[in-house]
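Note sheet for the following structure.
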Amino acid sequence: MSFTPQVEPSHYQNMVYDSKERYISYWHQIDEVVRVRPSRCLEVGIGNGFVHRELRRHGLEVTTLDADSRLGPDVVGSVTELPFEDEAFEAVCCFETLEHLPWDQLETAASELGRVSSRHVLISLPDVTPYLNVDVRVGFGKRVVNLFRSMPDASPPRHEFNGEHYWEIGKQGYPLTRVLSSLSAAGLRTENNFRVREYPYHHFFRLRVD
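Okay, so the sequence shown: first residue is 10 according to the numbering used here, each after it adds one.
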């Protein structure tokens, strides 16, 4: 497989990458997998390894795959051609990874994720759609007002490839509706999608294999 890594492994090993917001996203990544209770899980795109280490600590059997052998995955391979049998896992997760592929490969990659899963595909993608976030608490955490709403821009910014992301939700030509349509065309039914309130840049999708 011909593959040129976009970043060095050291990219994932510092506190600039592992910001407070990203740790909040890690929590949601782990929670999304744990809540569907798979006995066998595949993680595609492993970054610094935090998520699969925690999933294994929770007792899950996790196989890891990444295109970059330097990150030490269990299997080296491409998300557009996964080297596994059909329905080999009960859940497949692919967090903050698919945007590293050109848009015209999204449906192929999503189809592959669905092919090797018997139940769920869990992904997250970057989302720059403007939003309103109101969260008012009184005393020791009693919530009085709790509101989060995406507010699509009538004139969204254009996306420029930065060496890593080929596209992002909310950029010109990449509205959420287009992403949902592509996932549906890949045979994945959206059970839930949400943005992380504390880190709205990460948009999660819980998908069911039809």
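Even glycine gets a Cβ: it sits at the ideal position worked out from N, Cα and C.
Taking a cut-off of 8 angstroms on C-beta distances, the stretch 122-140 does not touch the stretch 68-81, as fewer than three cross pairs fall below it. Around D219, the same chain offers G196 and R198 as residues with beta carbons nearer than 6 angstroms, after the five sequence neighbours per side are excluded. By the criterion of at least three beta-carbon pairs nearer than 8 angstroms, the stretch 25-45 is in contact with the stretch 198-213. Nearest Cα to Y175 within the set E70, L110 and S28: L110. L122 sits close to V101, with the two beta carbons spaced by under 7 angstroms. Collapsing the DSSP output to three states places A118 in a helix.
In this structure the stretch 147-154 does not lie against the stretch 185-193, because fewer than three pairs of beta carbons, one per stretch, are closer than 8 angstroms. Distance check between P209 and each of R217, A194, S193 and E177 places E177 closest, using alpha-carbon atoms only. Counting only residues of its own chain and dropping the five nearest sequence neighbours on each side, P47 has a CB closer than 6 angstroms to the CB of E99 and A100.
Inter-residue distance for R152 and R158 is about 17 angstroms (C-alpha atoms, whole angstroms). Straight across, the Cα-Cα distance linking D136 with G182 is about 13 angstroms. The DSSP assignment places complete beta strand (DSSP E) segments of no fewer than 3 residues inside the stretch 83-166 at 98-104, 126-135, 140-147 and 151-159, in order along the chain. When DSSP reads this structure, Y175 sits in no beta bridge, so it has no partner.
Under DSSP, the beta-bridge partners assigned to N201 are R215.
Inter-residue distance for C50 and R62 is about 12 angstroms (C-alpha atoms, whole angstroms). Positions of the alpha helix (DSSP H) runs, each at least 4 residues long and wholly inside the stretch 10-74, are given as 29-44 and 59-66 in order along the chain. Secondary structure note for A194: its alpha helix (DSSP H) is the uninterrupted segment L185 to A194. Note on F104: 16 or more other CB atoms within 10 angstroms of its CB, so buried under the neighbour-count rule.
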